[in-house]
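All letters in the sequence shown, in the order written, are residues 1 to 135 by the UniProt record's numbering. Just so it is clear, CB atoms sit at the ideal spot from N, CA and C, and this is done for glycine as well. Values in this document were obtained by computation on a predicted structure and should not be read as measured data. Only one structure is covered here, and it is reproduced in the block below.
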Amino acid sequence: MIDVELQVAKINFERVMMKIEEEKRLQEMSIDDLVKLMQFKNDVAEFFMYASYKTTNVYSDELFGIVQHREKELNDAGYKTFSVQNNGWYSMDRTWYVWSKNKIQDRKEGAENAVILVSILTVLLIVFILFIKFR
1 MIDVELQVAK INFERVMMKI EEEKRLQEMS IDDLVKLMQF KNDVAEFFMY ASYKTTNVYS
61 DELFGIVQHR EKELNDAGYK TFSVQNNGWY SMDRTWYVWS KNKIQDRKEG AENAVILVSI
121 LTVLLIVFIL FIKFR
């Protein structure tokens, strides 16, 4: 029984040491590398979210904590950070998005283009219906 408890204690100690090493590595990572890592994790999370429609958490507590801790540094470097908790119907449990200003601008432009496209399609549909009706 004592051997089992010693094994469990050893495994727990190794896990704690691995977490400390990961946190130290993330703390020393450059902002650009941290953003690349977060964007990769976001893409992975979105892939699994759409593939399985289940709550997906691909972030370690260390990574989540480092982004919170370095949020001001990220914002000063021109990145926007925001946390998502229970976001809509797919309910990702604990995510943290890091987007560049350019990506946010691209999304705004994409939304504007979608509105224009829907408006054009609506006008074409109305013209088509009127054409059929008064033919």
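| query | Cβ of R70 within 8 Å of Cβ of L34? | reply | yes
| said: Please return the same chain residues whose Cβ sits closer than 8 Å to the Cβ of W89, not counting the five positions on each side in sequence. | reply: Because W89 carries a pLDDT of 37, less than 50, the predicted location of this residue cannot be relied on, and the following value inherits that uncertainty. Around W89: no qualifying Cβ.
| Span separating the alpha-carbon of E21 from that of K72 | 23 Å
| task | For the alpha helix (DSSP H) containing M17, list its first residue and its last residue. | result | I2 to E28
| query | Mapping DSSP to helix, strand and coil, what is A77? | reply | coil
| message | Taking the alpha carbon of D32 as the reference point, which residue from N75, F134 and V123 has its own alpha carbon closest? | response | N75
| task | Mark M38 as exposed unless 16 or more other C-beta atoms lie within 10 angstroms of its C-beta, in which case mark it buried. | result | buried
| CB-CB under 7 Å to A77, same chain, minus the five flanking residues each way: which ones, in chain order? | I31
| said: Does F128 come out as helix, strand or coil in the three-state DSSP assignment? | reply: helix
| Just how far apart, CA to CA, sit N113 and M29? | 37 Å
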